[in-house]
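Trainee: Residue numbers (my numbering): 3 to 112.
Please see the structure below; I have some questions.
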């Protein structure tokens, strides 16, 4: 089951996101399990499945340079992904810089 840790911005209280049914409202629970309805715009996601939300930035933001478009001779789906040694974000073996934490993965040679 997915866990999403959120912070209520006006109060700085942390909650687990349980769901949403009414547009603009989110169902959350506190440390005692008490349910609350809060305005969604007052919440910020801190963690997704125990990982800081920053680890997912590469999925949420456009990159500075677009990834190469695979041709018939380049099928990227068959290339196994590696983990960035700093943040464990999945990256292709030819990735020069981690899109999540910015770590240089391949050094340029002169």
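Even glycine gets a Cβ: it sits at the ideal position worked out from N, Cα and C.
Buried or exposed for residue 5, please, with buried defined as at least 16 other CB atoms from any protein chain shown within 10 angstroms of its CB.
Mentor: Exposed, since its Cβ has fewer than 16 Cβ neighbours within 10 Å.
Trainee: Go ahead and label residue 89 buried or exposed: buried means 16 or more other beta carbons lie within 10 angstroms of its beta carbon, across all protein chains shown.
Mentor: When all chains shown are included, residue 89 counts as buried.
Trainee: Determine the extent of the beta strand (DSSP E) in which residue 15 is found, giving its start and end residues.
Mentor: Residues 15-21.
Trainee: Report all residues from its chain with a CB closer than 7 Å to the CB of residue 102; omit the five preceding and five following residues, and keep chain order.
Mentor: The answer, listed in chain order, is 56, 57, 59, 60, 86, 89 and 91.
Trainee: Just to confirm my understanding: we take residue 100, look at its own chain, exclude 5 residues before and 5 after, and list those with CB closer than 7 Å. What are they?
Mentor: Excluding sequence neighbours, residue 100 sits near 86, 88, 89, 91, 93 and 107.
Trainee: Assuming residue 9 and residue 37 form a contact by the criterion Cβ under 8 Å, report the distance between their Cβ atoms to the nearest whole angstrom.
Mentor: About 17 Å separates the two Cβ atoms, so there is no contact after all.
Trainee: To the nearest angstrom, how far is the alpha carbon of residue 18 from that of residue 7?
Mentor: Near 5 Å, if we compare the C-alpha coordinates of residue 7 and residue 18.
Trainee: Could you give the DSSP three-state label for residue 56: helix, strand or coil?
Mentor: Helix.
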